[in-house]
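Visitor:
Chains as they are written, first to last, in the working numbering: chain A, 19 to 379; chain B, 644 to 715.
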């Protein structure tokens, strides 16, 4: 099978599963949302107390275990790390803030688009603008430095984390929070969400589909490989929504599920997501896959995502269908400044040239 | 220091491709040798190089290291 066909099929699968998970209970336009799901998990384990978004999402457990198992089988499980972990933590943290001001990760942005939510168009413009800015730093030689081989045990932290989450989900101990109303209470059956997650995790480990990579490569090196995958997600989800869930399809800006019409902050939030995702080398979904195949820097990024989600709900940064908050707007602006600052200070051209082009010593 | 040698081991996406691109921009007929340590970098560089009309061969140096040889 050609790699073009593989990426298209994996995109079609993600889009299709997005429709199915909504049909069976996930929140509308949230069949799969990596940022939202980490946010729900952060709430589930009590890191924030926003009662409507607390659930241990089986999809995330599936992504992790699916990618881990396939990476192991294919000999691609490599424990590595040491490429600016604290910077990755911060970028992951601010990526989540941007996503929760917009209300969705780039994947949910595509799913929102595919159900007629035009606010996601504003978000898409912001996302591409952020990616464009990030690319300028990459052209200047931006780098977070090399990762090196790490102790094997570090690579097993992510799958162990997933197993612990699964145990907590099934055992439902009293110290774990489960929403009784709101998006956190809307969920497909555990086995179905877990199976969908395993499938997505395994397939995306192979095809490396990444929502940031799609736009980045198209702009930076005119390679449309991953873009085909993103288009496939959109097409499959749109078709699925129109065929199976036509009553929920709603073209327009107003009254969209778990979304708001603050255009400026939809744009700004997704700009922050775009720039941080490019600097990190991948969107939240891709970071999750990398974290599961032994990339401990990506694990730190995921920890940053979870911390950002907890922070966003503890300090009123996250938007709601009523709109964005002042705190959230301030946080996005701070995030943009810090991110651009980090990027500008990591582009020492001479250093990167010396490191990159020097023959191996 | 040679412009035909690129060491992109340990680099996260998209740096291996960008470092390779910089070397290919100065291609003078001498094969470019690229060191990488992840399959995803091999795939990305192959797609990039072949789109640009180069051919690429891969040799495995060890369990983790690959040497890519790129030429027209």
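The beta-carbon is built from N, C-alpha and C at its ideal position, and this holds for glycine as well.
Taking CB distances under 9 Å as the criterion, tell me whether residue 220 of chain A reaches chain B.
Guide: Taking the first residue of the first chain as position 1, residue 220 of chain A is located at position 202. Judged by the 9 Å Cβ criterion, residue 220 of chain A is not in contact with chain B.
Visitor: Residues in the stretch 289-304 of chain A with C-beta within 9 Å of chain B's C-beta atoms, listed in sequence order?
Guide: Residues 296, 298, 299, 300 and 304.
Visitor: Would you identify the three-state DSSP class for residue 647 of chain B, choosing helix, strand or coil?
Guide: Residue 647 of chain B sits at position 4 when you count from the first residue of the second chain. Note: residue 647 of chain B maps to coil in three-state DSSP.
Visitor: Identify whether residue 313 of chain A lies in helix, strand or coil by the three-state DSSP scheme.
Guide: Taking the first chain and counting its residues from 1, the one referred to as residue 313 of chain A is at position 295. Strand.
Visitor: Between which residues of its own chain and residue 70 of chain A is the CB-CB distance below 7 Å, once the five residues before and five after are set aside?
Guide: Residue numbering aside, residue 70 of chain A sits at position 52 when the first chain is read from its first letter. Contacts found: 197, 199, 200, 201 and 202.
Visitor: Within the continuous beta strand (DSSP E) that includes residue 701 of chain B, where are the two ends?
Guide: As a first step, residue 701 of chain B must be located in the second chain, where it is residue number 58. Where residue 701 of chain B is concerned, the enclosing beta strand (DSSP E) stretches over 698-703.
Visitor: Classify residue 652 of chain B: buried if its beta carbon has 16 or more other beta carbons within 10 angstroms, exposed otherwise.
Guide: Within the second chain, the letter at position 9 stands for residue 652 of chain B. Residue 652 of chain B comes out buried.
Visitor: Quick one: does residue 27 of chain A have its CB under 9 Å from some CB of chain B?
Guide: Numbered from its first residue, the first chain carries residue 27 of chain A at position 9. By this cut-off, residue 27 of chain A is not an interface position.
Visitor: Using Cβ-Cβ distances below 9 Å, what residues of the stretch 231-242 of chain A are close to chain B?
Guide: Here the close residues are 231, 234, 235, 238, 239, 240 and 241.
Visitor: Are the beta-carbon atoms of residue 353 of chain A and residue 116 of chain A separated by less than 9 Å?
Guide: In the first chain, residue 353 of chain A corresponds to position 335, counting from 1. In the first chain, residue 116 of chain A corresponds to position 98, counting from 1. Yes, these two residues count as a Cβ contact at 9 Å.
Visitor: I'd like the span of the beta strand (DSSP E) that includes residue 712 of chain B, first residue to last.
Guide: For the purposes of this step, residue 712 of chain B is taken as residue 69 along the second chain, with counting starting at 1. Note, residue 712 of chain B: beta strand (DSSP E), 709-714.
Visitor: Determine the direct distance from the alpha carbon of residue 674 of chain B to that of residue 656 of chain B, and round the result to whole angstroms.
Guide: Start at 1 with the first residue of the second chain, and residue 656 of chain B comes out as number 13. Start at 1 with the first residue of the second chain, and residue 674 of chain B comes out as number 31. C-alpha separation (whole angstroms): 23 Å.
Visitor: May I ask you to report which of helix, strand or coil DSSP gives residue 99 of chain A?
Guide: Along the first chain, read from residue 1 onward, the residue named residue 99 of chain A stands at position 81. Strand at residue 99 of chain A.
Visitor: Residues of chain A with CB closer than 9 Å to the CB of residue 688 of chain B, please, in chain order.
Guide: Taking the second chain and counting its residues from 1, the one referred to as residue 688 of chain B is at position 45. Within 9 Å Cβ-Cβ: nothing; residue 688 of chain B doesn't reach chain A, min ~11 Å.
Visitor: Do you know offhand how far residue 307 of chain A's Cα is from residue 25 of chain A's?
Guide: What you label residue 307 of chain A is simply residue 289 of the first chain in a count that begins at 1. What you label residue 25 of chain A is simply residue 7 of the first chain in a count that begins at 1. Using only the alpha carbons, I get a separation of about 15 Å.
Visitor: For residue 239 of chain A and residue 664 of chain B, which I take to be in contact (beta-carbon distance under 8 Å), what is that distance rounded to the nearest angstrom?
Guide: For the purposes of this step, residue 239 of chain A is taken as the residue at position 221 of the first chain. For the purposes of this step, residue 664 of chain B is taken as the residue at position 21 of the second chain. Rounded, the Cβ-Cβ distance is 7 Å, consistent with contact.
Visitor: Whose C-beta lies closer than 7 Å to the C-beta of residue 227 of chain A among residues of the same chain, with five residues either side of it excluded?
Guide: As a working mapping, residue 227 of chain A is identified with position 209 in the first chain. For residue 227 of chain A, where only same-chain residues beyond five positions count, the Cβ hits under 7 Å are 25, 28, 29, 244 and 247.
Visitor: In three-state terms, what does DSSP make of residue 342 of chain A?
Guide: Within the first chain, the letter at position 324 stands for residue 342 of chain A. Note: residue 342 of chain A maps to coil in three-state DSSP.
Visitor: So, with DSSP's three-state summary, where would you put residue 665 of chain B?
Guide: Position 22 of the second chain, counted from the start, is the residue given in the question as residue 665 of chain B. Of the three classes helix, strand and coil, the one that applies to residue 665 of chain B here is helix, per DSSP.
Visitor: Under 8 Å: do the stretch 89-97 of chain A and the stretch 251-271 of chain A share three or more Cβ pairs, one atom per stretch?
Guide: Short answer: they don't touch.
Visitor: Whole-angstrom Cβ separation of residue 21 of chain A and residue 315 of chain A, contact assumed at under 8 Å?
Guide: For the purposes of this step, residue 21 of chain A is identified with residue 3 of the first chain, where counting begins at 1. For the purposes of this step, residue 315 of chain A is identified with residue 297 of the first chain, where counting begins at 1. With 8 Å as the limit, residue 21 of chain A and residue 315 of chain A do not qualify as a contact, their Cβ atoms being about 26 Å apart.
Visitor: Could you check what DSSP says for residue 181 of chain A in three-state terms: helix, strand or coil?
Guide: Mapped onto the first chain, residue 181 of chain A falls at position 163. It is helical.
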